[in-house]
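Asks: Below is a structure I'd like to ask you about.
Protein chains in written order, with the working numbering: chain A, 1 to 282; chain B, 283 to 418; chain C, 419 to 753; chain D, 754 to 1040.
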């Protein structure tokens, strides 16, 4: 057997696209919304709701972040970044005009086209609400394609609710209900003070022709899942996006695996039916 | 070491004494070599051995830690701890190939501007004699 | 007929290779044998069971630069790393060459890892068949053999008159160009590994034993260092970070291991594999379950390095046997 | 020694497990090579016959007590290992009433590897001045009463080299280091929840596996054990690339002995020299 290695130039998949930071907006005390513009233009970067990308803070490293903009709106690439580690800390120091890098888009996405005609229930907790924003904006911009929509956004305190500036727009959309809840209110808050799973139990969304999309901390997901199942939702009707430690996004560094599945390539979006089939349970 | 063969010295100076001492040297026009890069720390006891080793790792030719005289620590006893810590670290570094002469611990009070200038001058001279360290 | 390269001729061939390429060969360093670049034939160790560290680091270095970033005023330039050096490895054992070929699975899978691909393209491997397998070796159980030539460019087997030469690839053929080989009817003997590891059906067995308390019991003994992963020819996890040196930024990747605490801990603190049992299970399930599910072959080539290097004798051969035994019990229980 | 020690350990383990005094006995069993020992965790009195004691039992099992917090556990310790028990007691990492210490008067261990067993006594046993455990609930063997004075010939040999030679020596060792952290993982004194070397913010040690970073790791690792190292030498035994870490530890041990007249782990209520001070310390600084 005589083999021959083919010598062709393979692009380095670790090299990010150079990008410029266009704007930084404080969403909550520890979350900022970054808008990036690729130096090569946005058209080269086609992405769907639920996908993620690696954003670089050169000199420190890069980290995976969910895209929180919807591609069709052409508002630039947006990421909601909570300051939790060394890279996000460095990102928070950046000011508009700073040079950065973006690698992606990676992963699968929420198949919103498949949800046509259905009732959509979107439940997000804390920063977990960020990857759901492109889902909401995609669905609302194609409002006739869907039946009733329920958006439930929860956070620790009123200041921690992400995307407050868009609440009015969402609530104004026909047949759309926006529910907000916090774990602890303050003097200006006259909305709900309750945990997300309890709010779900109270609102009793019907599982009929419905899809529930949830994202948030593991503990919130677990209890919300229980409530939804009590309401009659089947595993296939509940969709989430998983978080895993990642270094490559390419299925190579083998950090984000759940059994033989990679969060970065096979996910991050999974139905609970798929998750229940995983050999490894988190 | 920089291109012109000047040693690079990192100095960790206690805010309550040596840093003021360095200041005093400056205001009273006591000249001392510009080889030293000064880090102000709240106490010589705050200087983690990691900082010293990191300086040498990154290519410093010499490191100075200066604190209050024993008995004068602003926090009562910080310098007593640093005295033990650095006496031992100095031995270990020497054992691993970083000459004792490259790592100095000195007690300098806020009024000893002249002494501070002399320490830095002597230290710079010694470090120049020792030559540059190889790191990569 | 067998083609033979005399011992003297081998030495002059290797010397000529050193002239225009990097020759990497086993070398005795203190009481270790390590693959190192050599400048003369005298440095090469010909008498060794196998090297203490696997040759994977010639393709997947313990630290590698992915690209550099240069900033000038407001502009920024990113330069991907390029591997230019042509390298020849002498003395790679068939099991290790198979390990390299195994890693082509994940690394050349689309999108290919360009550094791995470049290292592969720039490297020629001269294999040296094992004449006397060591007690820890079990390559035959894993589907290879001490004289398996399928993953090297040239395979040499020591015989009385010198080395029997098997040219495997065109790359190997080019390297041998102009080298005079004698013809002989000597037949190199084929040694076999004595160790018999029951690897057949291990994927199914591992799947059955996945939730068994076996893993946490085994983890009692494990001290969770990274030795097994770092000596292993088929462990390939890595970490990525930037390094700044006097204003120069490079993005680097380094070896990392699933055994280290925090390997899967995400910023914010949640760690899906916080306990030692699940971490240990991850390593063995990756080799014996996930890797074959994803790429076909088992993620173990039977080199035996982890067997000898583990400070507390976590022995993969023993684990394979245990899993088979436990798996069989699970099978009976459900019937 | 062998058979008798083994029997005594088995009998004690059986008794402890049967009475329910402990839920696990950590000792040694014969490894997969049939030649050398490895750590064994016995939970069932029917399994005590797996336990052995011979001159390849060099692992310091005290490290495992850190994983058994809150669970009554028995552990087999040699003289050096027993000092680790005291170290962890004095640093409040384990509780005395949760640990049943089966002390073994150490007959010295030999150089061994997987499937290899020599008759050569390990270096650590030449240096050892504590063959009899300093703490135990049950003792196997006859206590050794006379120990020779300390000997630091290996440290002196290193010190006889020039600074340049020493720098070159350690650089060469650092070049080999893989940063596998086996030295840390085997060390009973290394139990930080987050080790400085893995901290990212600030990043004390870069992730590069290269001489510069590796040297920093090895320097600080040794220094964090300054006045705490109990000389079991497990770090050096487990090192896959044979870095002579004992030299660093022993240098510090010698300095700590001469500067502070202190040996780590000799009792359960001492304070490591670097977390205390004397106002009249004479250490050659600013005097």
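Where is the CB? At the ideal position from N, CA and C, for every residue including glycine.
I'd like to know whether the C-beta atoms of residue 221 of chain A and residue 214 of chain A end up nearer to each other than 8 Å.
Replies: Going by C-beta atoms, residue 221 of chain A is nearer than 8 Å to residue 214 of chain A.
Asks: Contact check, residue 434 of chain C vs residue 459 of chain C under 8 Å by CB: the rounded distance?
Replies: That pair is no contact at about 11 Å.
Asks: Measure the alpha-carbon distance for residue 420 of chain C versus residue 444 of chain C and round it to whole angstroms.
Replies: Cα to Cα, residue 420 of chain C sits roughly 26 Å from residue 444 of chain C.
Asks: Rounded to the nearest angstrom, how far is the Cβ of residue 650 of chain C from that of residue 732 of chain C, given a contact under 8 Å?
Replies: Incorrect: roughly 12 Å between the Cβ atoms, too far for contact.
Asks: Can you confirm whether residue 643 of chain C, when its beta carbon is compared against all beta carbons of chain D, has any partner nearer than 8 Å?
Replies: It does: the Cβ of residue 643 of chain C has a partner Cβ on chain D nearer than 8 Å.
Asks: What three-state label does DSSP hand residue 643 of chain C in the structure shown?
Replies: If DSSP states are grouped into helix, strand and coil, residue 643 of chain C belongs with coil.
Asks: Can you confirm whether the stretch 538-546 of chain C touches the stretch 713-726 of chain C when touching is taken to mean that 3 or more C-beta pairs between the two stretches lie within less than 8 Å?
Replies: No, the stretch 713-726 of chain C does not touch the stretch 538-546 of chain C.
Asks: Compute the Euclidean distance between the alpha carbons of residue 681 of chain C and residue 674 of chain C, then round it to the nearest angstrom.
Replies: Going from the Cα of residue 681 of chain C to the Cα of residue 674 of chain C covers about 8 Å.
Asks: Considering only heavy atoms of the ligand FMN, does any lie closer than 7 Å to the CB of residue 28 of chain A?
Replies: Absence of the ligand FMN is noted for the structure shown, with no ligands found whatsoever.
Asks: If contact means a Cβ-Cβ distance below 7 Å, which residues of the stretch 655-670 of chain C contact chain D?
Replies: Going along the stretch 655-670 of chain C in chain order, one finds 657, 659, 661 and 670 with a Cβ nearer than 7 Å to chain D.
Asks: Suppose only complete runs of 4+ residues qualify. What are the alpha helix (DSSP H) ranges in the stretch 339-371 of chain B, listed by chain order?
Replies: Entirely contained in the stretch 339-371 of chain B, not one alpha helix (DSSP H) run reaches 4 residues.
Asks: Residue 138 of chain A and residue 19 of chain A - do their beta-carbons sit closer together than 8 Å?
Replies: Contact: no.
Asks: To which residues of the same chain is residue 26 of chain A closer than 7 Å at the C-beta, ignoring the five residues directly before and after it?
Replies: Result list for residue 26 of chain A: 32, in chain order.
Asks: Buried or exposed, going by whether 16 or more other CB atoms sit within 10 Å of the CB of residue 240 of chain A?
Replies: Its Cβ being crowded by 16 or more others within 10 Å, residue 240 of chain A is buried.
Asks: So, with DSSP's three-state summary, where would you put residue 812 of chain D?
Replies: Here residue 812 of chain D sits in coil by DSSP.
Asks: In the stretch 990-1035 of chain D, which residue ranges form an unbroken alpha helix (DSSP H) of at least 4 residues, counting only runs that do not cross its ends?
Replies: If we require 4 residues or more, the alpha helix (DSSP H) runs fully inside the stretch 990-1035 of chain D come out as 998-1013.
Asks: Please compile the residues from chain D whose C-beta is within a distance smaller than 9 Å of the C-beta of residue 649 of chain C.
Replies: Neighbours of residue 649 of chain C on chain D, chain order: 931, 933 and 993.
Asks: On the CB-based measure, 16 or more other CB atoms within 10 Å of its CB, does residue 370 of chain B come out buried or exposed?
Replies: Per the 10 Å Cβ criterion, buried.
Asks: For residue 379 of chain B, would you say it is in contact with chain D, using Cβ-to-Cβ distances shorter than 8 Å as the test?
Replies: Cβ-Cβ to chain D under 8 Å: yes for residue 379 of chain B.
Asks: Residues in the same chain with beta-carbon distance under 6 Å from residue 406 of chain B, minus the five sequence neighbours each way, listed in chain order, please.
Replies: Cβ neighbours of residue 406 of chain B beyond the five flanking positions: 315 and 317.
Asks: Taking 8 Å as the threshold (beta carbon to beta carbon), is residue 595 of chain C in contact with chain A?
Replies: No, because no Cβ of chain A sits closer than 8 Å to the Cβ of residue 595 of chain C.
Asks: If the cut-off is 8 Å on Cβ atoms, which residues from the stretch 961-979 of chain D count as contacting chain B, listed in chain order?
Replies: If the cut-off is 8 Å between Cβ atoms, the stretch 961-979 of chain D has 964, 965, 966, 968, 969, 972, 973, 975, 976 and 979 near chain B.
Asks: Between the C-alpha atoms of residue 619 of chain C and residue 267 of chain A, what's the straight-line distance to the nearest angstrom?
Replies: Near 29 Å, if we compare the C-alpha coordinates of residue 267 of chain A and residue 619 of chain C.
Asks: Under three-state DSSP, which class holds residue 446 of chain C?
Replies: Three-state result, residue 446 of chain C: strand.
Asks: Alpha carbon to alpha carbon, how far is residue 572 of chain C from residue 588 of chain C? Give it in angstroms, no decimals.
Replies: Rounded to whole angstroms, residue 588 of chain C to residue 572 of chain C spans 10 Å at the Cα level.
Asks: Output needed for residue 2 of chain A: all residues of its chain with C-beta closer than 7 Å, excluding positions within five of it in sequence on either side, in chain order.
Replies: Confidence at residue 2 of chain A is low in this model, with a pLDDT of 39, below 50, so the placement of that residue should be treated as unreliable; the coordinate-derived value is given next. Closer than 7 Å at Cβ, skipping near neighbours: no residue.
Asks: Take residue 323 of chain B as the anchor and find which of B:307, B:377, B:299 and B:416 has the nearest alpha-carbon.
Replies: Minimum Cα distance to residue 323 of chain B is reached at B:299.
Asks: Would you list, in sequence order, the uninterrupted alpha helix (DSSP H) runs of no fewer than 4 residues that lie entirely inside the stretch 824-866 of chain D?
Replies: Whole alpha helix (DSSP H) segments, 4+ residues: 832-843.
Asks: Nearest chain D C-beta to residue 554 of chain C closer than 8 Å, yes or no?
Replies: Interface residue, yes.
Asks: Under DSSP, the alpha helix (DSSP H) around residue 176 of chain A begins and ends at which residues?
Replies: Taken as a continuous stretch (DSSP letters only), residue 176 of chain A belongs to no alpha helix (DSSP H), being part of the beta strand (DSSP E) at 176-182.
Asks: Over the uninterrupted beta strand (DSSP E) stretch that includes residue 23 of chain A, give me the two end residues.
Replies: Element bounds for residue 23 of chain A: 17-28.
Asks: For a cutoff of 8 Å on Cβ pairs, would you count residue 85 of chain A as touching chain D?
Replies: It does; some Cβ of chain D falls within 8 Å.
Asks: To the nearest angstrom, how far is it from the Cα of residue 563 of chain C to the Cα of residue 513 of chain C?
Replies: Near 8 Å, if we compare the C-alpha coordinates of residue 513 of chain C and residue 563 of chain C.
Asks: So with Cβ pairs under 8 Å, would you call residue 903 of chain D a contact of chain B?
Replies: No, its Cβ sits nowhere closer than 8 Å to a Cβ of chain B.
Asks: Between the Cα of residue 528 of chain C and those of A:147, A:249 and A:45, spot the shortest distance and give me the residue it belongs to.
Replies: When only C-alpha atoms are compared, the closest one is A:249.
Asks: Taking three-plus beta-carbon pairs below 8 Å as touching, is the stretch 258-277 of chain A in contact with the stretch 357-364 of chain B?
Replies: Verdict: no, contact absent.
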